[in-house]
Amino acid sequence: MIVYLASGSPQAIIWWHSYLLTVGYISSIVNVYSLDGSLIGSGDGAPTTAICHLQWNSDEQDLLWIGGYMGLALVHIELLDNRTPSPVEKVMFTIINTVPEETSSLSLTTIIHRTLHETAGCGLYMENDEILSGDLSGNIFHWTIHDIKPKQHTIIPDSIRCFISKDLVGTLSGILYNVDTQEIVEDFQSTIICSAWNKNKTICLIGLGDGTLINFHTKKIIGLHSNNAEIWSVCLSPNEELCATASEDQTTCIWKVNDEQNLIATLRGHTTAVTSVQWKHERIYTCADDRTVRIYNTQSNLYNCLYVLHTPKSLFGWFTLTYLKVDEDQKLIICTTQNGYLVIWRDDENNENDVPILCKKIHFGSLEGLIYDKETHRIVTIGSDCTVTSLRLHIH
């Protein structure tokens with residue numbers, strides 16, 4: 015007799031080729047075991063539901079129907095590198111939509127899912143094929159995009175808050191460090207929360223915990239929010255003459271980049287802290303703790319709200335929206351939540367029901383960093399569950 019000690023509270027089992035597959039109850043965890051009881055691979059991309067039935071779709075045993083009390087999903091399963099057994103201890107899942115409507119034309123593949131950070135992950139940066147991730151213990155891991163293990167580990171004597179570049183990292187104490195040498199570059203004396211560069215990398219704007227927006231190179235104060243409310247996010251306009259800051263004071267402010275505290279407009283409407291902002295073409299996108307996404311029109315400098323998106327009722331538990339990215343070519347609005355969900359809407363003001371095309375739990379903690387590469391449709395996230403996840407969107 016062989017006893018399998020499977021993780022993820024397994025609720026159902028099924029044979030897969032010559033292996034045994036266990037599917038977890040709600041946890042989304044699936045394990046693959048050999049006949050001698052050895053763990054071949056595991057992954058957490060399966061549907062988060064109470065499982066009541068498993069059935070293969072074909073003789074090839076690659077497509078698995080997972081029936082649960084909350085719905086039905088068709089899942090494609092393969093070991094990484096398409097080899098059996100795989101030298102890598104992960105299983106890759108693609109959730110395939112079973113409804114052909116336009117609103118269900120998106121699926122996800124989990125590429126990397128790794129837990130290495132000691133405490134809550136915070137801070138994420140990607141440039142070309144390089145990824146940097148940080149945490150509140152001062153750990154910095156340096157990855158390449160296709161690796162499952164970091165190629166470098168650095169520790170600084172402070173809590174990571176955000177990366178300014180691949181060479182510079184900002185901390186909760188307000189100190190800016192050189193990543194390679196761990197030397198102090200600047201002390202802003204207030205938490206370094208966010209940053210934005212222009213295309214030529216000649217201007218870097220840094221948002222601080224005291225409500226100050228500062229030009230890193232000139233040290234000029236570009237903006238200052240009332241009551242010193244934290245600046246949670248900053249981005250530049252397409253022509254880079256203006257910038258937008260999202261703040262704890264429930265507003266998004268528009269500033270002149272080359273002036274000091276030249277406030278052009280204040281965008282209102284959110285009822286709680288505005289946590290992220292993106293500026294694409296003639297639209298500004300914001301998300302907030304009030305669980306909504308607001309889209310503003312910038313034509314003729316009117317800055318009026320075009321429409322509002324609400325998170326679905328199927329998103330369980332208490333949460334806020336933490337980060338936002340926009341793919342203007344595919345017309346996608348991508349958001350993360352405080353309770354670990356990824357939510358994606360079509361950017362369509364005629365979508366009266368504002369129903370997302372994807373809503374999926376990808377972390378067991380708050381999402382504390384979001385990167386999106388629109389060329390490869392890759393999403394990289396970091397969470398308070400000490401995990402870095404790399405996903406790829408499949409847009410049909």
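Going by the working numbering, the sequence shown opens with residue 15, and the numbers climb by one from there. All C-beta atoms, glycine included, are put in the ideal place defined by N, C-alpha and C.
Simplified DSSP assignment, three categories, for Ser14: Past the boundaries of the shown model lies residue 14; the chain is included only from 15 to 410, so the question cannot be answered.
Among Trp269, Thr195 and Val357, nearest to Leu384 - alpha-carbon criterion: Numbered from 1 along the sequence shown, position 370 holds the residue referred to as residue 384. Nearest option by C-alpha distance: Val357.
Thr36 versus Val46: straight-line alpha-carbon distance, rounded: In the sequence shown, residue 36 corresponds to position 22, counting from 1. In the sequence shown, residue 46 corresponds to position 32, counting from 1. One C-alpha to the other measures close to 7 Å.
Reduced DSSP secondary structure (H/G/I, E/B, other) of Gln166: On the sequence shown, position 152 is the one that residue 166 refers to. Under the three-state reduction of DSSP output, Gln166 falls in the strand class.
Distance between Cys176 and Phe107 (C-alpha atoms, nearest Å): Working through the sequence shown from its first residue, we reach residue 107 at position 93. Working through the sequence shown from its first residue, we reach residue 176 at position 162. Confidence in Phe107 is poor, its pLDDT being 49 and thus under 50, which makes the residue's placement unreliable; the coordinate value appears in the next sentence. C-alpha separation (whole angstroms): 30 Å.
Straight-line Cα distance separating Gly354 from Ile422: Outside the shown range of the chain, which is 15 to 410, sits residue 422, and nothing can be said about it.
Three or more C-beta pairs below 8 Å linking the stretch 255-266 and the stretch 234-242: yes
Close Cβ partners of Ala279 (< 8 Å) along its chain, the five nearest in sequence each way excluded: On the sequence shown, residue 279 is found 265 positions in, with the first residue counted as 1. Same-chain partners within the cutoff: Cys267, Ile268, Asn315 and Tyr317.
Three-state secondary structure assigned by DSSP to Ser404: Here residue 404 refers to the residue found at position 390 of the sequence shown. Reduced to three states, the DSSP call for Ser404 is strand.
Candidates Ile371, Ser251, Ser173 and Gly188, of which the one nearest Val271 by Cα: Locating residue 271 in the sequence shown gives position 257, counting from the first residue. Answer by Cα proximity: Ser251.
Contacts around Tyr310, its chain only, beta-carbon distance under 7 Å, and the 5 residues preceding and following it disregarded: For this step, residue 310 is matched to residue 296 along the sequence shown. Correct list, in chain order: Leu281, Arg297, Ile298, Tyr317, Asn318, Cys319 and Leu320.
Nearest-angstrom beta carbon gap, Asp149 and Ile174 [assumed within contact, 8 Å]: Along the sequence shown, one-based indexing puts residue 174 at 160. Along the sequence shown, one-based indexing puts residue 149 at 135. Yes, Ile174 and Asp149 are in contact; Cβ-Cβ is about 6 Å, under 8 Å.
Helix, strand or coil at Ile28 according to DSSP, with G and I counted as helix: Counted from its first residue, the sequence shown places residue 28 at position 14. Strand at Ile28.
Opening and closing residue of the beta strand (DSSP E) in which Glu200 lies: Along the sequence shown, one-based indexing puts residue 200 at 186. Note, Glu200: beta strand (DSSP E), Ile198 to Asp201.
Nonlocal neighbours in the same chain, by C-beta distance under 8 Å from His156, ignoring five residues either side: Position 142 of the sequence shown, counted from the start, is the residue given in the question as residue 156. Closer than 8 Å at Cβ, skipping near neighbours: Glu144, Ile145, Leu146, Pro164, Lys165, Gln166, His167 and Thr168.
8 Å contact criterion, which Ile245 and Gly221 should meet: CB distance rounded: The sequence position of residue 245 within the sequence shown is 231, counting from 1. The sequence position of residue 221 within the sequence shown is 207, counting from 1. Sure, about 3 Å apart at Cβ, within 8 Å.
DSSP state of Ser247 mapped onto helix, strand, coil: On the sequence shown, position 233 is the one that residue 247 refers to. Three-state result, Ser247: strand.
Cβ-based burial, Cys136 [other Cβ within 10 Å; buried from 16]: One-based indexing of the sequence shown puts residue 136 at position 122. Cys136 comes out buried.
Between the CA atoms of Asp263 and Thr285 - distance to the nearest angstrom: Taking the first residue of the sequence shown as position 1, residue 285 is located at position 271. Taking the first residue of the sequence shown as position 1, residue 263 is located at position 249. Near 9 Å, if we compare the C-alpha coordinates of Asp263 and Thr285.
For Gln69, the three-state DSSP class (helix, strand or coil): Indexing the sequence shown from 1 puts residue 69 at position 55. Note: Gln69 maps to strand in three-state DSSP.
Cut-off 7 Å between Cβ atoms - residues of its own chain near Asn276, not counting five sequence neighbours on either side: Mapped onto the sequence shown, residue 276 falls at position 262. So the list reads Trp269 and Lys270, once near-sequence residues are dropped.
Pair within 8 Å by beta-carbon distance, Leu381 and His391: Numbered from its first residue, the sequence shown carries residue 381 at position 367. Numbered from its first residue, the sequence shown carries residue 391 at position 377. Result no, Cβ atoms of Leu381 and His391 do not sit closer than 8 Å.
Helix, strand or coil at Gln344 [DSSP, three-state]: Sequence index remark: in the sequence shown, residue 344 carries index 330 (1-based). Coil.
Test item: CB-CB of Ala134 and Gly331 under 8 Å: The residue you call residue 134 lines up with position 120 of the sequence shown. The residue you call residue 331 lines up with position 317 of the sequence shown. Result no, Cβ atoms of Ala134 and Gly331 do not sit closer than 8 Å.
Contacting residues, own chain, Cβ-Cβ under 8 Å from Ser197 (five flanking each side not counted): For the purposes of this step, residue 197 is taken as the residue at position 183 of the sequence shown. Rather than Ser, the amino acid found at residue 197 in this sequence is Glu. For Glu197, where only same-chain residues beyond five positions count, the Cβ hits under 8 Å are Tyr191.
Pro171 classed as buried or exposed, judged by whether at least 16 other C-beta atoms fall within 10 angstroms: Taking the sequence shown and counting its residues from 1, one reaches residue 171 at position 157. Pro171 comes out exposed.
Cα-Cα separation between Glu254 and Ser56, rounded to whole angstroms: Within the sequence shown, residue 254 is the residue found at index 240, counting from 1. Within the sequence shown, residue 56 is the residue found at index 42, counting from 1. Rounded to the nearest angstrom, the two C-alpha atoms are 45 Å apart.
Helix, strand or coil at Asn364 [DSSP, three-state]: Residue mapping note: residue 364 aligns to position 350 of the sequence shown, counting from 1. Looking at Asn364 - three-state DSSP - the assignment turns out to be coil, as it is neither helix nor strand.
Span of the beta strand (DSSP E), counted from its first residue to its last, around Phe155: On the sequence shown, residue 155 is found 141 positions in, with the first residue counted as 1. Asn153 to Thr158 is the extent of the beta strand (DSSP E) around Phe155.
Whole-number beta carbon distance between Cys301 and Cys349, since they are thought to touch under 8 Å: Stepping through the sequence shown from its first residue, residue 349 is reached at position 335. Stepping through the sequence shown from its first residue, residue 301 is reached at position 287. Yes, Cys349 and Cys301 are in contact; Cβ-Cβ is about 5 Å, under 8 Å.
Rounded distance between the beta-carbons of Val307 and Leu323, thought under 8 Å: The count along the sequence shown starts at 1 and reaches residue 323 at position 309. The count along the sequence shown starts at 1 and reaches residue 307 at position 293. The pair is a contact, with the Cβ atoms about 4 Å apart (cut-off 8 Å).
Distance between Lys215 and Thr312 (C-alpha atoms, nearest Å): Sequence index remark: in the sequence shown, residue 312 carries index 298 (1-based). Sequence index remark: in the sequence shown, residue 215 carries index 201 (1-based). Looking at the two C-alpha atoms, the distance is approximately 25 Å.
Option in Trp30, Gln292, Ile376 and Ile80 with minimal Cα separation from Glu342: The residue given as residue 342 occupies position 328 in the sequence shown. Glu342 has its Cα closest to that of Gln292, out of Trp30, Gln292, Ile376 and Ile80.
Per DSSP, the bridge partner or partners of Gln275: As a first step, residue 275 must be located in the sequence shown, where it is residue number 261. According to DSSP, Gln275 bridges with nothing at all.
Leu405, buried or exposed, once every other Cβ within 10 Å from all chains shown has been counted against 16: What you label residue 405 is simply residue 391 of the sequence shown in a count that begins at 1. Buried: at least 16 other Cβ atoms inside 10 Å.
Identity of the residue in Trp70, Tyr139 and Ile80 nearest Ile393 by Cα: To locate residue 393, count along the sequence shown from 1; it is residue 379. Ile393 has its Cα closest to that of Tyr139, out of Trp70, Tyr139 and Ile80.
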